[in-house]
Amino acid sequence: MKKAAFIFLSMIMAVTGFSQELIRNSNKPLNPQAGRILKIEPVLEISDASGEFFFKHPYKFDMDDREFLYILDEDQLLKFSPDGKFIRNFYKKGQGPGEIATNSGRVSYLIFKDQLYIYERYTKIIRLDGEGKLLGEVKPTAGRFSGIFGMSDNGYFMQGQTNTPRGGPAGFKEIEAQAHLVSLDGTSAEKIFGLSLRTYEGPNFGMDWDPYLQVFSPRDGSLYVSHTCEYKVVRADLLKRKIAVSFTREYPRIKYSMPDSIKDFYEKYSPPKKDFENDISALFMCDNNLWVKTSTTVKDKGMLFDVFDPQGRFLDSFYMNVDGSLALADGGFIYVTEKDKEENILVRKYKVLNGPKTSAN
Numbered sequence: 019m020k021k022a023a024f025i026f027l028s029m030i031m032a033v034t035g036f037s038q039e040l041i042r043n044s045n046k047p048l049n050p051q052a053g054r055i056l057k058i059e060p061v062l063e064i065s066d067a068s069g070e071f072f073f074k075h076p077y078k079f080d081m082d083d084r085e086f087l088y089i090l091d092e093d094q095l096l097k098f099s100p101d102g103k104f105i106r107n108f109y110k111k112g113q114g115p116g117e118i119a120t121n122s123g124r125v126s127y128l129i130f131k132d133q134l135y136i137y138e139r140y141t142k143i144i145r146l147d148g149e150g151k152l153l154g155e156v157k158p159t160a161g162r163f164s165g166i167f168g169m170s171d172n173g174y175f176m177q178g179q180t181n182t183p184r185g186g187p188a189g190f191k192e193i194e195a196q197a198h199l200v201s202l203d204g205t206s207a208e209k210i211f212g213l214s215l216r217t218y219e220g221p222n223f224g225m226d227w228d229p230y231l232q233v234f235s236p237r238d239g240s241l242y243v244s245h246t247c248e249y250k251v252v253r254a255d256l257l258k259r260k261i262a263v264s265f266t267r268e269y270p271r272i273k274y275s276m277p278d279s280i281k282d283f284y285e286k287y288s289p290p291k292k293d294f295e296n297d298i299s300a301l302f303m304c305d306n307n308l309w310v311k312t313s314t315t316v317k318d319k320g321m322l323f324d325v326f327d328p329q330g331r332f333l334d335s336f337y338m339n340v341d342g343s344l345a346l347a348d349g350g351f352i353y354v355t356e357k358d359k360e361e362n363i364l365v366r367k368y369k370v371l372n373g374p375k376t377s378a379n
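Numbers in the numbering used here are just positions in the sequence shown, counted from 1, shifted up by 18.
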């Protein structure tokens, strides 16, 4: 009965230069144990109590092949050993070689073959070894790229987008979010694909409407993207330079609740209001599968996550009941950002005892 959990339908999707099958899954995953609460036990805690660094807004986590942990924070790019010991801060403020002139909000990074690549937006790519020694710099002159997210032996995978059309009446307008392969010397670039996003332009303001979420899988060169308010994911095979598959599932939408932080903006400009929350709020890779954090949160159960394989099949789902946010999933472990009683930020590593299925078999 596994085949009953998903139905294949063909349709044309708004992906620049491509059309492909949309896989429509039902609301029932293949795993009969789906919908359980994830059982976890703490195995490691990282805090800034030593004073060697200070957690402010840790938000971009990654791990190298030796299980060293990297965390991007406010003007910090921190490295920790597998047992949680602080190693170093790679972030050097300044305008010289190996230094970053801007704030960390304009910085992205990746790890490739035991080397660290730090991209300062619109400026340069810094290449360091694991000890922080500068190995070189490259200026991507082939275009304006907003971030770096992956790499192959042929070049860098970088983000770009078209500008929002200016002028005309107020209303929804489209931009294109793009993925490019940029040569190792930065002098040439090839657009791999583009995905349309809606923005809203008013008389004196502009705002995003559709979200853009992505996660890259170094294992097979796949980029997973959510670029609509509804439940839909696109997987691009960047090594083959094509859209591989798009998929969705039956999903009950959640009524929109406006955050207090934007109420003044709405009172001032009166833009259109959303009826529903964005169905997808984050994407994570774990092993070779995609974890989708949904808009659903249930009291005493936690946040609902769905699990898909690279073919777009709905394998599993679970609730994560933690007092914090998932930052990284790696094998049978997860890393979560939390706060202690004094509101100090902590990073905790948990062992997952009843984790998701790893395949459809």
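Glycine included, C-beta positions come from ideal geometry on N, C-alpha and C.
None of the values given here were measured: they were computed from a predicted structure.
Closest Cα partner of residue i within the set the options
i      : options                        : result
SER68  : ASN43, ASP132, ILE105          : ILE105
ASP82  : HIS198, LYS191, ARG237         : ARG237
TYR218 : PRO187, GLY204, GLN196, VAL325 : PRO187
GLU295 : MET303, LEU301, PRO277, LYS273 : LYS273
LEU364 : LEU152, ASN107, ILE89          : ILE89
ASN339 : ASP318, VAL325, PHE326         : ASP318
GLU50  : LEU40, ASP282, PHE332          : It should be pointed out that residue 50 corresponds to Pro in this sequence rather than to Glu. Of LEU40, ASP282, PHE332, the residue nearest in Cα terms is PHE332.
ASP226 : GLN177, PRO290, GLY168, SER240 : PRO290
LYS357 : LEU344, MET176, VAL156, LEU322 : LEU344
ARG259 : ARG366, PHE223, VAL200, MET276 : VAL200
ARG271 : SER264, LYS281, ASP297         : ASP297
Rounded separation between residue i and residue j - CA only
i      : j      : result
ARG54  : GLY330 : 21 Å
PHE130 : LYS250 : 29 Å
LEU346 : LEU371 : 16 Å
GLU208 : ASP255 : 14 Å
ILE261 : ALA197 : 11 Å
PHE336 : THR314 : 11 Å
GLU248 : SER44  : 15 Å
GLY112 : ASP93  : 11 Å
THR246 : GLY173 : 28 Å
ARG306 : PHE108 : Checking the displayed sequence, the identity of residue 306 turns out to be Asn instead of Arg. Looking at the two C-alpha atoms, the distance is approximately 29 Å.
MET19  : PHE72  : Its pLDDT being 38, under 50, MET19 is placed unreliably by the model, and the measurement read from it follows with that caveat. Going by the C-alpha atoms only, they are around 51 Å apart.
GLU268 : PHE175 : 32 Å
SER170 : SER288 : 45 Å
GLY220 : THR312 : 29 Å
Contact under 7 Å by Cβ, residue i with residue j
i      : j      : result
SER244 : LEU231 : yes
GLY212 : GLU194 : yes
TYR353 : LEU308 : no
THR389 : GLY204 : There is simply no residue 389 to check, as the chain begins at 19 and stops at 379 in what is shown.
ASP132 : GLY148 : yes
THR266 : ARG124 : no
Expected contact under 8 Å - CB spacing of residue i and residue j to nearest Å
i      : j      : result
ILE64  : PHE98  : 6 Å
TYR284 : GLU59  : Rounded, the Cβ-Cβ distance is 43 Å, inconsistent with contact.
ARG162 : TYR140 : 6 Å
ASP334 : PRO76  : In fact, because the Cβ distance is near 27 Å, the residues do not count as touching under 8 Å.
Does the region 179 to 188 come into contact with the region 131 to 141, if we say contact requires no fewer than three beta-carbon pairs (one atom in each stretch) closer than 8 Å? no
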